[in-house]
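Student: For the protein sequence lines, the chains are R and F, in the order given. What the first sequence shows, in the working numbering, is residues 150 to 609, in sequence order. What the second sequence shows, in the working numbering, is residues 27 to 608, in sequence order. Cβ coordinates follow ideal geometry from the N, Cα and C atoms, glycine included. Model, not experiment: these values are computed from the prediction. One structure coming up, written as structure tokens, with questions to follow.
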Amino acid sequence: MKEYRTINKIAGPLVFVEKTEPVGYEELVNIVQSDGTVKRGQVLDTSDEIVVVQVFESTAGIGRDSGVRFTGETIKMPVSKDMLGRILSGSGKPKDGGPEIVAEKRLDIGGAAINPYARQSPADFIQTGISTIDATNTLVRGQKLPIFSGSGLPHNEIALQIARQAKVPGSTEEFAVVFAAMGITKEEENQFMADFERTGALEHAVVFLNLADDPAVERIITPRLALTTAEYLAFELGYHVLVILTDMTNYCEALRQIGAAREEVPGRRGYPGYMYTDLASLYERAGLIKGEKGSVTQLSILTMPGDDITHPIPDLSGYITEGQIVVNRELHRKGIYPPINVLPSLSRLMNAGIGEGKTREDHKKVSDQMYAGYAEGNDLRGLVAIVGKDALSERDQLLLEFADHFENRFVRQGHDEDRSIDDSLDLGWELLATLPEELLVRIDRDLIRKFHPKYRSKEA
Amino acid sequence: MKAESKGILKRISGPVVTAVGLDAHMYDVVQVGDEQLMGEVIRIEGDKTIIQVYENTSGIRPGEPVSNTGLSLAVELGPGLLTSIYDGIQRPLEVLVDKMGNFIERGVTAPGLSHETKWEFMPLVKAGDAVAPGAIIGEVQETNIVTKIMVPPKSKGGVVKEIKSGAFTVDEVVCTLDSGEDIKMMQIWPVRVPRPVTEKMNPDIPLITGQRILDGLFPVAKGGTAAIPGPFGSGKTVTQQALAKWSDAQIVVYIGCGERGNEMTEVLTEFPDLEDPKSGKPLMERTVLIANTSNMPVAAREASVYTGITIAEYFRDMGYDVSLMADSTSRWAEAMREISSRLEEMPGEEGYPAYLAARLSEFYERAGRVETLAGDSGSVTVIGAVSPPGGDFSEPVTQNTLRIVKCFWALDAKLSQRRHFPAINWLNSYSLYLDTLSKWYDENVSPEWNGLRTWAMEILQKEAELQEIVQLVGSDALPDEEQVTIEVARMLREIFLQQNAFDPVDTYCSMEKQYDIMLAIKLYADLAYSALKAGVAPAKIVTITAKNDLPQIKFTQDYKADMEKIHKAMEAEFAKLREALR
Ligand SMILES: Nc1ncnc2c1ncn2[C@@H]1O[C@H](COP(=O)(O)OP(=O)(O)OP(=O)(O)O)[C@@H](O)[C@H]1O
Ligand SMILES: Nc1ncnc2c1ncn2[C@@H]1O[C@H](COP(=O)(O)OP(=O)(O)O)[C@@H](O)[C@H]1O
Ligand SMILES: [Mg+2]
Ligand SMILES: [Mg+2]
């Protein structure tokens with residue numbers, strides 16, 4: 150392989166090389182520093198005059214005297230079943246002292262798009278044991294459902310609780326967890342690893358770690374390695390894979406850094422104009438394929454800068470993912486765990502995964518009714534602050550109390566409390582029963598007759 | 027056809043590549059690299075030709091060849107379009123699965139129509155008949171829909187010398203004119219050029235959608251334009267899908283432009299099992315899908331809306347009413363922005379190219395109710411979703427769209443968060459077709475309808491004003507009459523406006539049922555105001571139990587008898603209240 154010593158410019162993570170033979174777009178590049186260190190990068194722009202290389206590690210130590218080798222192929226990663234139980238770096242090198250991965254296959258990490266015609270609609274209910282997810286924002290197998298959180302909020306605990314408790318009732322199929330950390334702290338890493346070890350999850354897991362002090366640009370490839378592994382496990386080996394990507398905000402910062410180094414015209418708040426397309430190339434790597442056994446379910450975590458859901462990172466994510474679970478600071482301050490605010494939360498695939506034969510026939514309507522009640526009760530809190538409780542009609546007072554019950558009994562649960570979907574829905578009915586029946590306009594009469602505690606206790 | 031010209035690649039930067047030595051014209055389709063990836067010329071600068079490539083360009087090197095086909099990006103039009111699902115450049119996704127498996131790899135071409143299938147062609151003209159461009163010369167019973175075979179718009183027309191009958195492929199000649207021109211069932215049409223019509227007509231018939239808030243308050247006309255802007259999760263896709271399912275168009279073209287893969291799969295799995303309320307046939311039979319999802323190549327996303335609208339125009343030219351949904355036009359605009367920034371063009375507002383407004387209006391301008399070349403009438407209704415960043419409608423795509431479209435269905439996160447669906451804000455939304463359509467409602471729904479609509483809007487408007495007062499003093503402090511108004515408004519919102527797209531009955535509401543529900547609420551209001559005049563306390567009026575059954579009507583298929591009962595019960599209960607005063 151030819152080695153060029155024709156670097157003419159280095160800017161941030163970018164290295165500009167001239168007078169090369171034809172180099173392929175997105176080709177893998179090795180840069181050899183004068184001290185022998187080899188760093189990896191990828192071609193971002195190629196022409197007969199200049200080739201722009203994005204380096205995945207720090208460019209410290211790279212100079213005009215460094216050698217550049219173009220490998221002639223795009224970035225591929227070795228995958229194998231033996232990756233289960235392994236801990237790898239953010240660029241896929243063993244970090245657990247174990248041997249290199251012996252490739253059963255080498256796959257392009259870019260990941261081609263699943264042909265929409267080949268997809269199978271996700272429809273299997275996953276019970277997480279968390280009421281605000283199962284009853285009101287149901288997760289289904291093959292869904293991409295991120296957690297939108299803020300710094301200092303317990304999103305990691307929630308993700309871990311989901312990873313521990315998630316099951317498809319009645320299914321015993323093989324599952325695996327692929328965990329990719331991007332720029333998280335050592336402390337957070339310990340939190341995840343300790344939990345994986347405690348519960349034995351590590352055996353079924355492949356872990357990719359890019360920590361806060363690892364090169365930022367490496368974060369561009371970490372999720373791609375994770376998703377390539379997940380697709381291999383799911384669509385070639387038949388596993389049901391849960392992918393946890395955290396923190397997508399750090400990924401986007403890396404993207405912005407590269408955009409700035411390329412002197413691109415920035416989009417909103419300095420993030421690249423193509424960030425939607427770039428994020429889609431990650432988030433869309435989830436789902437089911439007709440005729441294949443496995444599945445990829447994505448649970449990514451992102452922290453909303455300034456708790457602002459309209460910030461480009463949550464905003465563009467929400468436009469791609471199939472809903473979002475929103476963690477809320479105010480609920481957290483009230484001491485409620487998990488502090489999930491159902492109002493801005495959403496599971497778009499919920500309807501496909503619930504109802505008769507899947508969860509329960511009353512599921513959707515109970516959820517809608519609780520939303521309506523909680524939303525209205527929550528609004529009334531603002532009013533009470535001004536006019537006092539006495540100025541409220543009886544109806545409004547009941548709604549106000551409903552909102553409190555909802556937070557304290559339905560939202561609040563223990564870190565290890567694993568509620569069945571029946572329990573969650575019954576709890577919902579118990580709360581709805583505090584409201585006059587004629588307020589329950591979202592629910593059909595028959596369902597009220599069948600499930601409302603008032604009629605149930607009569608039967609009993 | 028022009029002679030093939032060859033050049034070589036000079037630079038590759040994502041979906042945009044530069045070639046030198048190519049003899050090209052703007053929008054020529056070219057084949058890029060050793061793998062002959064499909065691309066389109068988007069700029070010419072001296073010896074340099076800039077090309078957007080419809081497939082992933084990884085691994086492509088400078089020095090690889092580029093050849094020009096000399097043709098424009100075009101679609102194949104003919105029997106076989108219905109029930110198909112295509113990517114943005116009309117490659118059938120089903121064929122791609124056969125050719126390259128579950129993932130979309132590159133370098134595979136597939137024609138838009140099957141060139142092997144034989145279709146039963148039934149001639150409608152005979153030798154000696156004069157046929158003009160656009161004239162219908164025969165038909166193919168494709169699904170339950172008939173595909174009409176037309177003289178291509180660019181033909182000179184003439185007198186039919188010979189016309190066949192029987193089974194033919196789309197490539198075979200079915201008719202010969204005296205000029206010697208052969209006519210096949212397939213037409214090829216460049217997507218960026220609107221298909222010609224005789225005349226544009228005034229759209230004065232509503233597209234009935236079965237959605238109460240749309241048909242009732244903000245109707246769109248057949249041949250009209252509408253935009254649905256809203257933040258994520260507010261209901262753009264569900265609304266568009268409801269329109270694709272239930273609107274009374276004869277043909278539906280649904281474009282998933284840069285959105286989710288699963289949403290297209292959902293349409294693919296759901297539509298074959300749903301029945302068209304009018305024909306009773308599977309909805310899929312009248313549908314053409316274009317799926318260029320967010321992770322598919324961005325240049326093909328840019329092309330997808332043109333592919334879709336050209337197909338829509340083709341069916342319009344047969345005399346059909348076509349409705350086209352584009353979800354989402356913002357992703358199309360972003361594709362333009364992405365390509366434009368790779369071209370290092372001078373950016374306009376928020377990095378969008380300066381020609382954004384022009385492209386949007388050219389696109390919506392292809393909607394319309396028309397007299398076709400054949401003298402029939404047909405229409406293309408265009409309904410575009412808009413995805414404003416942060417849900418902020420002041421951004422360029424929303425604003426430029428608003429300047430063009432005549433219906434604005436503003437989705438509101440506040441409503442969707444409380445699961446008020448469709449989350450269309452009744453105060454901000456509008457339809458500019460109300461005047462032209464009022465005659466139709468008069469004649470086809472009821473002479474009362476337009477009055478009821480105005481009444482309902484007034485109540486809702488009044489409620490918004492009253493809510494501001496309530497926020498300050500609480501609802502008990504409102505005057506009696508206003509307490510009743512608040513209750514009537516609540517009924518309008520919860521019963522008439524809210525409509526659950528996932529309830530098997532409520533998902534579609536006929537105009538008759540819409541009218542009946544509105545009448546029942548009006549009846550309550552009339553009884554309530556007059557009881558109030560007679561001295562009944564407002565607290566009694568707003569809590570009458572007879573109206574509690576009204577919401578259930580929405581979920582009841584044969585609701586007439588129940589409705590009758592509710593009317594009677596309301597009248598009886600109010601009569602009792604008045605009696606109690608004596
Ligand atoms: N779910 C709903 N049902 C009925 N009306 C609603 C609903 N949501 C909003 N509205 C209408 O929209 C109006 C505006 O809502 P709201 O008062 O919550 O917004 P706002 O004035 O922007 O409040 P804020 O300043 O707190 O953001 C309400 O007065 C009401 O008329
Ligand atoms: N008319 C409706 N009836 C019931 N639910 C709806 C309706 N419209 C939207 N929804 C709910 O809102 C969610 C998001 O809607 P969607 O159309 O996907 O939003 P968008 O396209 O604006 O991001 C859906 O998954 C569904 O749960
Ligand atoms: Mg959508
Ligand atoms: Mg007609």
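Just how far apart, CA to CA, sit R/E352 and R/A409?
Tutor: 40 angstroms
Student: Please determine whether the Cβ atom of R/P123 lies at a distance below 7 angstroms from any heavy atom of ligand 2.
Tutor: Nothing in the structure corresponds to residue 123 of chain R, since chain R is present only between 150 and 609.
Student: Is the separation between the beta-carbon of F/P229 and that of F/G249 shorter than 8 angstroms?
Tutor: yes
Student: Who does R/D204 pair with in a DSSP beta bridge?
Tutor: It should be noted that the sequence gives Val, not Asp, for residue 204 of chain R. Per DSSP, R/G190.
Student: In chain order, what residues place their C-beta within less than 5 angstroms of a heavy atom belonging to ligand 3?
Tutor: In chain order, the qualifying residues are F/K262 and F/T263.
Student: Under 8 angstroms between beta-carbons, which chain F residues line up against R/N157? List them in chain order, please.
Tutor: Neighbours of R/N157 on chain F: none; closest Cβ ~17 angstroms, over 8 angstroms.
Student: 8 angstroms is my cut-off, CB to CB: does R/E167 come that close to chain F?
Tutor: no
Student: Check for me: the beta strand (DSSP E) holding F/D60 runs from which residue to which?
Tutor: Premise fails: F/D60 is in no beta strand (DSSP E) and is neither H nor E.
Student: Taking the beta carbon of F/D302 as the centre, do at least 16 other beta carbons fall within 10 Å, making it buried, or is it exposed?
Tutor: By the neighbour-count rule (16 or more Cβ atoms within 10 Å), F/D302 is buried.
Student: Using the C-alpha atoms, what's the distance from F/D274 back to F/Y346?
Tutor: Each residue's CA atom was taken as its position, placing F/Y346 and F/D274 some 11 angstroms apart.
Student: Is the beta carbon of F/D79 sitting closer than 8 angstroms to the one on F/V92?
Tutor: Note on identity: in this sequence residue 79 of chain F is Val, with Asp being the wrong assignment. No, the pair does not count as a contact, with Cβ atoms beyond the cut-off.
Student: Going by Cα to Cα distance, which pick from F/S320, F/E102 and F/G256 is closest to F/I115?
Tutor: F/E102
Student: Work out the CA separation of R/S215 and F/D49 for me, nearest whole Å.
Tutor: 40 angstroms
Student: What are the residues in the region 513-524 of chain F lying within 7 angstroms of chain R by C-beta distance?
Tutor: Within the region 513-524 of chain F, the residues whose Cβ lies closer than 7 angstroms to some Cβ of chain R are E520, listed in chain order.
Student: Is DSSP giving R/D464 helix, strand or coil here?
Tutor: helix
Student: In this structure, how does DSSP classify R/L256 when only helix, strand and coil are distinguished?
Tutor: strand
Student: When every heavy atom of ligand 2 is checked, does at least one fall within less than 7 angstroms of the C-beta of R/P271?
Tutor: no
Student: Residue range of the beta strand (DSSP E) that R/N359 falls in?
Tutor: Boundaries of the beta strand (DSSP E) harbouring R/N359: A354 to L360, taken from the DSSP string.
Student: Using the three-state DSSP reduction, which class does R/A262 fall into: helix, strand or coil?
Tutor: Coil, per DSSP.
Student: Whose C-alpha, out of R/V515, R/V445, R/F555 and R/D545, is nearest the C-alpha of R/N490?
Tutor: R/F555
Student: Going by DSSP, what residue range makes up the beta strand (DSSP E) through F/G394?
Tutor: Unbroken beta strand (DSSP E) run through F/G394: G394 to E397.
Student: Consult DSSP for R/S430 and reduce its assignment to one of helix, strand or coil.
Tutor: helix
Student: What are the residues in the region 426-455 of chain R lying within 7 angstroms of chain F by C-beta distance?
Tutor: T426, A429, S430, E433, G436 and I438
Student: Excluding the 5 residues flanking F/S330 on each side, which residues of the same chain have their C-beta closer than 6 angstroms to its C-beta?
Tutor: G114, I281, C283, I316 and N318
Student: May I ask which residues mark the beginning and end of the beta strand (DSSP E) holding R/P227?
Tutor: K225 to V228 is the span of the beta strand (DSSP E), which, as asked, contains R/P227.
Student: Is R/T459 a contact residue of ligand 2, with contact defined as CB to any heavy atom under 7 angstroms?
Tutor: False, no ligand heavy atom lies under 7 angstroms from that Cβ.
Student: Tell whether a beta-carbon distance below 8 angstroms holds between F/G416 and F/T355.
Tutor: no
Student: Helix, strand or coil: which one does DSSP assign to R/S516?
Tutor: helix
Student: Enumerate in chain order the residues of its own chain whose CB-to-CB distance from F/A598 is below 8 angstroms, with the five nearest sequence positions on each side excluded.
Tutor: A572
Student: Should F/N526 be counted as a contact of ligand 2 given a C-beta to heavy atom distance under 7 angstroms?
Tutor: Flag set: Cβ of F/N526 near ligand 2.
Student: List, in chain order, every chain F residue whose beta-carbon is nearer than 7 angstroms to that of R/L495.
Tutor: When 7 angstroms is used as the limit between beta carbons, R/L495 is near these residues of chain F: G259, in chain order.
Student: Less than 8 angstroms separating the beta-carbons of R/V178 and R/V202?
Tutor: Yes. Within cutoff.
Student: What is the DSSP secondary structure of R/T470, reduced to helix, strand or coil?
Tutor: coil
Student: Compile a chain-ordered list of the residues in the region 119-146 of chain F whose CB is closer than 7 angstroms to at least one CB of chain R.
Tutor: Those residues of the region 119-146 of chain F that come within reach of chain R (Cβ to Cβ, closer than 7 angstroms) are L119, E120, L122, V123, N128, F129, I130 and E131.
Student: Taking 8 angstroms as the threshold, find out whether the region 331-344 of chain R comes into contact with the region 398-407 of chain R through three or more Cβ pairs.
Tutor: yes
Student: Along the beta strand (DSSP E) that carries F/C201, what are the first and last residues, could you check?
Tutor: V199 to L203
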